[in-house]
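Asker:
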Amino acid sequence: MIGTEEDKFNCPFYFKIGACRHGERCSRTHLRPNFSQTIIFPHLYMAPPVDPVTQVARDETEHFEEFYEDILEEFMKFGEIEEMHVVENLGDHMNGNVYIKFHYEEDAGNCLNAMNGRFYAGRTLASEFSPVTDFREARCRQFDEDVCSRGGFCNFMHLKRVPRFLRKMMRKGKKKKSRGRERSPSLDPDRTFTRATSEERRGMYLVFSYLFV
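The working numbering puts the first residue of the sequence shown at 764, with every later residue one more than the last.
1. DSSP beta-bridge partners for A820?
2. Please classify Q818: is it buried, with 16 or more other beta-carbons within 10 angstroms of its beta-carbon, or exposed?
3. Report yes if the C-beta distance between V895 and Y808 is below 8 Å; otherwise report no.
4. I think F906 touches H848, with their Cβ atoms under 8 Å apart; what is that distance to the nearest whole Å?
5. Could you give the residue range of the beta strand (DSSP E) that holds K779?
6. Look at the alpha carbon of S799 and the alpha carbon of T792, and state the distance between them as a whole number of angstroms.
7. Output the distance between the C-alpha atoms of E769 and G885, rounded to the nearest integer angstrom.
8. Please state the DSSP three-state secondary structure of L853.
9. What residues in its chain sit with their C-beta under 6 Å from that of L950, if we drop five residues either side in the sequence?
10. What is the DSSP secondary structure of Y867, counted as helix, strand or coil?
11. May I ask you to report which of helix, strand or coil DSSP gives F928?
12. Taking the alpha carbon of E851 as the reference point, which residue from N918, D870 and P812 has its own alpha carbon closest?
13. Of all the options H866, F830, R904 and A889, which has the alpha carbon lying nearest to the alpha carbon of K846?
14. Going by DSSP in three states, Y808 sits in which element: helix, strand or coil?
15. Given that a residue counts as buried once 16 or more other Cβ atoms are within 10 Å of its Cβ, and exposed if not, what is P948?
16. Beta-carbon separation of I844 and T801 under 8 Å?
17. Shorter than 8 Å from the beta carbon of E769 to some beta carbon of chain B?
18. Can you look up R791 in the DSSP assignment and give me helix, strand or coil?
19. Can you tell me which of the three DSSP states E828 falls into?
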């Protein structure tokens with residue numbers, strides 16, 4: 764069967780997790796889909812920045828929550844999102860990968876076309892369709908139970924835990940879309956998307972924002 768160890772032609776890891784540690788040097792074929800419900804943004808998530816004055820990194824939990832909420836709000840504009848995952852594995856082919864699974868393939872395609880070539884936090888965005896549609900097969904069950912012996916270099920996804928309020932935000936988006944599906948919008952590539960941080964909302968002097976250009 765395609766994507767199994769018995770398949771001598773197609774890479775099982777690429778088929779299951781949408782990435783392979785061998786990259787283009789892999790001895791097996793990476794069967795890249797022409798369309799999919801899921802798109803992947805490689806290395807979109809980055810560790811908290813270090814303050815140039817104090818030389819101390821921001822709190823990891825707060826940093827991740829702000830990142831997740833920012834991009835979730837942006838991607839929900841394209842359509843109903845079923846799942847969105849951020850990978851925390853340390854391998855170069857997996858670290859910081861973000862997977863967004865839409866309910867409709869059309870919405871995933873619109874998101875991919877609109878986002879590619881834009882900039883996020885000073886970096887050019889590049890996404891592609893992913894073969895991953897069942898994250899139960901892609902994720903590391905031992906990591907979910909805090910018993911993975913391979914650590915950050917495990918071959919299966921170590922998915923960052925998403926707080927309940929962000930999962931609820933995604934569910935609300937689903938209910939809103941279920942009342943009547945609208946055609947996915949096309950984003951203006953010159954529009955800038957910014958979101959104030961919790962520090963700014965509390966009136967503090969620290970500024971941390973994400974930019975989509």
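Here a beta-carbon is modelled for each residue, glycine too, at the ideal position from N, C-alpha and C.
Answerer: Taking the definition as stated:
1. Bridge partners of A820: V813.
2. Answer is exposed; the Cβ neighbour count stays below 16.
3. The answer is no: Cβ separation not under 8 Å.
4. About 12 Å separates the two Cβ atoms, so there is no contact after all.
5. Unbroken run through K779 is the alpha helix (DSSP H), P775 to I780; no beta strand (DSSP E).
6. Inter-residue distance for S799 and T792 is about 18 Å (C-alpha atoms, whole angstroms).
7. Cα to Cα, the separation comes out at about 43 Å.
8. Shown here, L853 sits in coil according to DSSP, grouped into three states, outside any helix or strand.
9. For L950, the pLDDT reaches just 38, beneath the cut-off of 50, and the residue's location in the model is therefore unreliable, although a value from the coordinates is still provided. Result list for L950: A877, in chain order.
10. In the three-state reduction of the DSSP assignment, Y867 falls in the coil class, being assigned neither a helical nor a strand state.
11. Of the three classes helix, strand and coil, the one that applies to F928 here is helix, per DSSP.
12. Just measuring C-alpha positions, the residue of N918, D870 and P812 sitting nearest E851 is N918.
13. Looking at the sequence shown, residue 846 is not Lys but Glu. Nearest C-alpha to E846: H866.
14. When secondary structure is reduced to three states using DSSP, Y808 falls in the coil class, being assigned neither helix nor strand.
15. Interpretation of P948 is limited by its pLDDT of 39, a score under 50 that renders its predicted location unreliable; no figure is taken from the coordinates.
16. No. Outside cutoff.
17. Absence of chain B from the displayed structure is noted, only one protein chain being present.
18. In the structure shown, R791 sits in coil (DSSP, three-state: anything other than H, G, I, E or B).
19. E828 carries a helical assignment under DSSP once its states are collapsed to helix, strand and coil.
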